[in-house]
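*Asks:* In the numbering used here, each residue carries its 1-based index in the sequence shown increased by 111. Where is the CB? At the ideal position from N, CA and C, for every residue including glycine. Have a look at this one before I ask anything.
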Amino acid sequence: MTITSYGTGAYRSASPNSFVSTRGQLSDLERQLATKEKAESYGALGLDRITSLDLNAKVSSLDSWLDGISLADVNVKLATKSVENFAKLASETVNDTRSNSYVASATGRSAPQVLAEEKFKQTLDLLNTNVNGRYLFSGKTSDVQPTVSYSELIDGDGTGRAGLRQLISERKQADLGVSGLGRLTTGGAGATATIADEAPVHSYGFKLAGATSTSASLAPTFTAGPPADVSVTVASQPVSGDALRFKLNLPDGTQEEIVLTARAAGTTGPASDSFEIGVDVNATAANLRSAITSALTKAASTTLSAASSQVAAKNFFAGSVSNPPLRVPGPPYDTATAAPVAGTAANTVIWYQGDDDSDPARSTSTVQVDKGQLVGTGARANEEAFRVGLAQFAVLAIETFPAGDPNSQARYEATTSRVSEKLGFGGSVQKPSEIIIDFGSAQTSLARAKERHESTKNYLTTTLAGVENVTTEEVAVQILALQTQLQASYQTSAILSKLSLTNYL
Numbered sequence: 112m113t114i115t116s117y118g119t120g121a122y123r124s125a126s127p128n129s130f131v132s133t134r135g136q137l138s139d140l141e142r143q144l145a146t147k148e149k150a151e152s153y154g155a156l157g158l159d160r161i162t163s164l165d166l167n168a169k170v171s172s173l174d175s176w177l178d179g180i181s182l183a184d185v186n187v188k189l190a191t192k193s194v195e196n197f198a199k200l201a202s203e204t205v206n207d208t209r210s211n212s213y214v215a216s217a218t219g220r221s222a223p224q225v226l227a228e229e230k231f232k233q234t235l236d237l238l239n240t241n242v243n244g245r246y247l248f249s250g251k252t253s254d255v256q257p258t259v260s261y262s263e264l265i266d267g268d269g270t271g272r273a274g275l276r277q278l279i280s281e282r283k284q285a286d287l288g289v290s291g292l293g294r295l296t297t298g299g300a301g302a303t304a305t306i307a308d309e310a311p312v313h314s315y316g317f318k319l320a321g322a323t324s325t326s327a328s329l330a331p332t333f334t335a336g337p338p339a340d341v342s343v344t345v346a347s348q349p350v351s352g353d354a355l356r357f358k359l360n361l362p363d364g365t366q367e368e369i370v371l372t373a374r375a376a377g378t379t380g381p382a383s384d385s386f387e388i389g390v391d392v393n394a395t396a397a398n399l400r401s402a403i404t405s406a407l408t409k410a411a412s413t414t415l416s417a418a419s420s421q422v423a424a425k426n427f428f429a430g431s432v433s434n435p436p437l438r439v440p441g442p443p444y445d446t447a448t449a450a451p452v453a454g455t456a457a458n459t460v461i462w463y464q465g466d467d468d469s470d471p472a473r474s475t476s477t478v479q480v481d482k483g484q485l486v487g488t489g490a491r492a493n494e495e496a497f498r499v500g501l502a503q504f505a506v507l508a509i510e511t512f513p514a515g516d517p518n519s520q521a522r523y524e525a526t527t528s529r530v531s532e533k534l535g536f537g538g539s540v541q542k543p544s545e546i547i548i549d550f551g552s553a554q555t556s557l558a559r560a561k562e563r564h565e566s567t568k569n570y571l572t573t574t575l576a577g578v579e580n581v582t583t584e585e586v587a588v589q590i591l592a593l594q595t596q597l598q599a600s601y602q603t604s605a606i607l608s609k610l611s612l613t614n615y616l
């Protein structure tokens with residue numbers, strides 16, 4: 112049979128196990144004091160392990176969202192700054208091209224033109240902004256540089272792919288026509304003078320839009336067509352100051368008015384805006400026909416030329432990889448009648464190389480900031496505001512206005528007035544400020560999500576610390592208690608080890 116120990120025998124039997132257990136507890140407390148953690152594994156947490164795992168998973172999700180928010184915030188701020196700088200460049204160009212800014216020069220380029228070229232290059236640099244290998248203005252193809260170089264864009268690549276300069280030249284030739292009258296024809300005999308749109312009907316050059324007179328002596332008849340025509344009959348001798356007005360529609364959507372004023376016999380005046388009263392109605396009509404030709408020639412080389420540049424630049428910057436720019440069929444270009452057709456990647460520079468899908472630009476890059484909440488931070492270099500700005504910078508940079516050309520100032524003013532108007536981003540045209548507002552909204556959403564997640568994370572972290580961590584004070588108290596317990600046990604063991612029946616008695 113087993114004899115159960117009792118008294119000092121029982122104590123001696125139990126003491127080693129008690130010492131080992133207490134020493135183990137002391138070692139664990141010393142570890143807790145050093146690491147500030149309750150356990151070395153989730154299993155050692157006991158029932159708290161489920162809470163710990165759940166809280167850690169939630170904190171991990173928050174960290175993931177916060178990392179994405181942090182990266183997106185940097186990108187959005189840089190993109191916003193780029194658009195703000197672009198808007199500033201556009202505004203400066205409007206000021207540079209104010210009225211009376213033309214100064215004849217040996218190079219044929221004014222100071223605003225030189226500045227426009229630099230602004231064009233700066234805009235390309237802004238649109239090619241790269242952050243950690245990611246292009247901010249390339250849509251979904253963030254690994255592709257969105258724009259080609261300035262030289263390639265303007266002058267082509269030298270291997271048969273035409274740049275903007277060539278497309279502008281082609282359009283100018285098509286609008287000007289062989290006769291230099293903007294694809295209009297003039298004629299008449301006796302007491303009549305006529306103007307007509309070219310036949311067959313096409314989209315190039317001037318289009319007659321109407322004619323009026325301030326005097327019954329000059330009787331215009333307008334036929335809308337197409338093709339439209341105007342016939343003016345000199346019914347009787349006009350008096351000095353009587354005027355004829357012809358309205359012409361231009362390819363860029365603007366309208367030009369030619370005013371021809373009668374002047375007294377024997378007087379002189381600009382052939383492009385006046386005609387001399389002859390000895391009879393036939394002579395007056397002959398002078399009127401000559402004045403019409405002069406006026407159309409000047410208008411074609413000034414306002415029509417400026418309009419041609421606008422159309423070509425607009426078409427060029429509307430082009431993309433999947434939608435190449437429209438070009439005038441040819442050569443020859445000055446007799447073209449077929450509508451512009453899309454070029455190809457083999458014969459035309461495609462200035463924008465990024466993503467050009469139909470979805471909104473902001474949606475091309477998104478960051479998840481919460482469950483079910485995505486914030487759009489994308490952008491494309493071919494958004495309308497950028498296309499408009501680049502087109503206007505380019506038109507100014509490319510054009511030349513030779514000092515020896517009597518029409519240079521008028522053409523310069525026709526060009527700069529259009530540039531200033533376009534860079535005002537009026538009407539329904541996308542404005543740089545709209546892009547900035549979009550980015551501002553994205554930044555606000557990111558900031559709010561960040562604040563919300565950081566607050567939640569702080570709460571969860573505090574809660575998690577209560578589950579997984581210990582305080583120095585708490586552990587120290589437990590260690591002191593165990594040390595006191597061990598010390599008492601050792602002392603008791605020492606006393607009992609010396610105890611005998613004689614000593615006991």
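Starting from the Cα of residue 476, find the closest Cα among 255, 213, 539, 488 and give me that residue.
*Replies:* For this step, residue 476 is matched to residue 365 along the sequence shown. The alpha carbon of residue 476 has as its nearest neighbour, out of 255, 213, 539, 488, the alpha carbon of 488.
*Asks:* Which residues does DSSP list as the beta-bridge partners of residue 331?
*Replies:* In the sequence shown, residue 331 corresponds to position 220, counting from 1. Looking at the DSSP assignment, residue 331 forms a beta bridge with 343.
*Asks:* Mind listing, in chain order, the continuous alpha helix (DSSP H) runs of no fewer than 4 residues lying wholly within the region 446 to 472?
*Replies:* none
*Asks:* Less than 7 Å between the beta carbons of residue 322 and residue 346, yes or no?
*Replies:* Counting from 1 along the sequence shown, the entry for residue 322 is found at position 211. Counting from 1 along the sequence shown, the entry for residue 346 is found at position 235. Cβ distance not < 7 Å, so residue 322 and residue 346 don't count as in contact.
*Asks:* DSSP beta-bridge partners for residue 297?
*Replies:* Locating residue 297 in the sequence shown gives position 186, where the first residue counts as 1. Answer by DSSP bridge pairing, in chain order: 306.
*Asks:* I'd like to confirm the pairing. Which residues does DSSP put opposite residue 319 in its beta bridges?
*Replies:* The count along the sequence shown starts at 1 and reaches residue 319 at position 208. In the DSSP output, where bridge partners are listed per residue, residue 319 has 359.
*Asks:* Checking the sheet assignment: what are the DSSP bridge partners for residue 246?
*Replies:* In the sequence shown, counting from the first residue as 1, residue 246 sits at position 135. Paired residues: 241.
*Asks:* In this structure, how does DSSP classify residue 122 when only helix, strand and coil are distinguished?
*Replies:* Mapped onto the sequence shown, residue 122 falls at position 11. Only weak support exists for where residue 122 lies, its pLDDT of 48 falling under 50; the coordinates are left without a value.
*Asks:* Would you identify the three-state DSSP class for residue 430, choosing helix, strand or coil?
*Replies:* Position 319 of the sequence shown, counted from the first residue, corresponds to residue 430. In this structure, residue 430 counts as coil in the three-state DSSP scheme.
*Asks:* Spatial neighbours of residue 452 within its chain, please: C-beta separation below 8 Å, excluding the five flanking residues on both sides.
*Replies:* Against the sequence shown, residue 452 aligns to sequence position 341. Answer for residue 452: 437, 438, 440, listed in chain order.
*Asks:* How many angstroms separate the CA atom of residue 539 from the CA atom of residue 495?
*Replies:* On the sequence shown, position 428 is the one that residue 539 refers to. On the sequence shown, position 384 is the one that residue 495 refers to. Answer to the nearest angstrom: the Cα atoms are 10 Å apart.
*Asks:* Please report the distance separating the alpha-carbon of residue 104 from that of residue 186.
*Replies:* There is no way to answer for residue 104, as the model of the chain reaches only from 112 to 616.
*Asks:* Using only the alpha-carbon positions, how far apart do residue 419 and residue 381 sit?
*Replies:* In the sequence shown, residue 419 corresponds to position 308, counting from 1. In the sequence shown, residue 381 corresponds to position 270, counting from 1. In a straight line, the C-alpha of residue 419 is about 25 Å away from that of residue 381.
*Asks:* Please report how far the alpha carbon of residue 292 lies from the alpha carbon of residue 233, in whole angstroms.
*Replies:* Residue mapping note: residue 292 aligns to position 181 of the sequence shown, counting from 1. Residue mapping note: residue 233 aligns to position 122 of the sequence shown, counting from 1. Residue 292 and residue 233: Cα-Cα distance of roughly 38 Å.
*Asks:* Run through DSSP, which three-state label would residue 413 get?
*Replies:* Residue numbering aside, residue 413 sits at position 302 when the sequence shown is read from its first letter. The answer is coil: DSSP assigns residue 413 none of H, G, I, E or B.
*Asks:* At the level of alpha carbons, what is the spacing between residue 351 and residue 401?
*Replies:* In the sequence shown, residue 351 corresponds to position 240, counting from 1. In the sequence shown, residue 401 corresponds to position 290, counting from 1. Rounded to the nearest angstrom, the two C-alpha atoms are 17 Å apart.
*Asks:* Excluding the five sequence neighbours on either side, which residues of its own chain have a C-beta within less than 6 Å of the C-beta of residue 523, listed in chain order?
*Replies:* One-based indexing of the sequence shown puts residue 523 at position 412. Cβ within range, chain order: 213, 512.
*Asks:* Compare the beta carbon distance of residue 531 and residue 208 with 7 Å and say whether it is the shorter of the two.
*Replies:* Position 420 of the sequence shown, counting from 1, holds the residue named residue 531. Position 97 of the sequence shown, counting from 1, holds the residue named residue 208. It is a contact, given that the beta carbons lie within the stated cut-off.
*Asks:* Using DSSP bridges, identify the partner residues of residue 190.
*Replies:* On the sequence shown, residue 190 is found 79 positions in, with the first residue counted as 1. DSSP, once it has assigned bridges, lists no residue as partnering residue 190.
*Asks:* Within this structure, are the beta carbons of residue 491 and residue 244 separated by less than 7 Å?
*Replies:* For the purposes of this step, residue 491 is taken as the residue at position 380 of the sequence shown. For the purposes of this step, residue 244 is taken as the residue at position 133 of the sequence shown. Not in contact: residue 491 and residue 244 (Cβ atoms no closer than 7 Å).
*Asks:* Starting from residue 284 and walking both ways along the alpha helix (DSSP H), at which residues does that stretch end?
*Replies:* Start at 1 with the first residue of the sequence shown, and residue 284 comes out as number 173. Residues 275 to 287.
*Asks:* With H, G and I counted as helix, E and B as strand and the rest as coil, what does DSSP make of residue 573?
*Replies:* The residue you call residue 573 lines up with position 462 of the sequence shown. Residue state, collapsed to three classes: helix.
*Asks:* I believe residue 482 touches residue 180 by the beta-carbon criterion, under 8 Å. Please report the beta-carbon distance rounded to the nearest angstrom.
*Replies:* In the sequence shown, residue 482 corresponds to position 371, counting from 1. In the sequence shown, residue 180 corresponds to position 69, counting from 1. Residue 482 to residue 180, Cβ: 14 Å. No contact.
*Asks:* If we call anything under 7 Å between Cβ atoms a contact, is residue 455 one with residue 471?
*Replies:* Walking along the sequence shown from the start, residue 455 turns up at place 344. Walking along the sequence shown from the start, residue 471 turns up at place 360. For residue 455 and residue 471, no; Cβs fall outside 7 Å.
*Asks:* Excluding sequence positions up to five away, which residues of its chain have a Cβ less than 6 Å from the Cβ of residue 498?
*Replies:* Looking up residue 498 in the sequence shown gives position 387. Correct list, in chain order: 428.
*Asks:* When DSSP labels each residue in this structure, what does residue 487 get in the three-state scheme?
*Replies:* As a working mapping, residue 487 is identified with position 376 in the sequence shown. Looking at residue 487 - three-state DSSP - the assignment turns out to be strand.
*Asks:* Taking the alpha carbon of residue 414 as the reference point, which residue from 457, 404, 368, 387 has its own alpha carbon closest?
*Replies:* One-based indexing of the sequence shown puts residue 414 at position 303. Nearest option by C-alpha distance: 368.
*Asks:* What runs of the beta strand (DSSP E), each 3 residues or longer, lie entirely inside the region 363 to 402?
*Replies:* 366 to 374, 385 to 387
*Asks:* Can you give the Cα-Cα distance for residue 176 and residue 473, rounded to whole angstroms?
*Replies:* Within the sequence shown, the letter at position 65 stands for residue 176. Within the sequence shown, the letter at position 362 stands for residue 473. Spanning the two alpha carbons is a distance of roughly 19 Å.
*Asks:* Where DSSP assigns a beta bridge to residue 437, which residues make up the other side?
*Replies:* To locate residue 437, count along the sequence shown from 1; it is residue 326. Answer is 453.
*Asks:* Since residue 275 and residue 509 are thought to touch, with beta carbons under 8 Å apart, how far apart are those beta carbons, to the nearest angstrom?
*Replies:* Numbered from its first residue, the sequence shown carries residue 275 at position 164. Numbered from its first residue, the sequence shown carries residue 509 at position 398. So it is a contact: roughly 7 Å between Cβ atoms.
*Asks:* Tell me which residues share the same chain as residue 433 and place their Cβ nearer than 7 Å to its Cβ, disregarding the 5 neighbours each side in the sequence.
*Replies:* Looking up residue 433 in the sequence shown gives position 322. Only 467 meet the Cβ criterion.
*Asks:* Quick check on residue 558: does DSSP put it in helix, strand or coil?
*Replies:* For the purposes of this step, residue 558 is taken as the residue at position 447 of the sequence shown. Helix at residue 558.
*Asks:* Go ahead and pull the three-state DSSP assignment for residue 185.
*Replies:* To locate residue 185, count along the sequence shown from 1; it is residue 74. Here residue 185 sits in helix by DSSP.
*Asks:* Measuring only the C-alpha atoms, how far is residue 308 from residue 337?
*Replies:* In the sequence shown, residue 308 corresponds to position 197, counting from 1. In the sequence shown, residue 337 corresponds to position 226, counting from 1. Cα-Cα distance, rounded: 8 Å.
*Asks:* Mapping DSSP to helix, strand and coil, what is residue 227?
*Replies:* As a working mapping, residue 227 is identified with position 116 in the sequence shown. The three-state secondary structure of residue 227, taken from DSSP, is helix.
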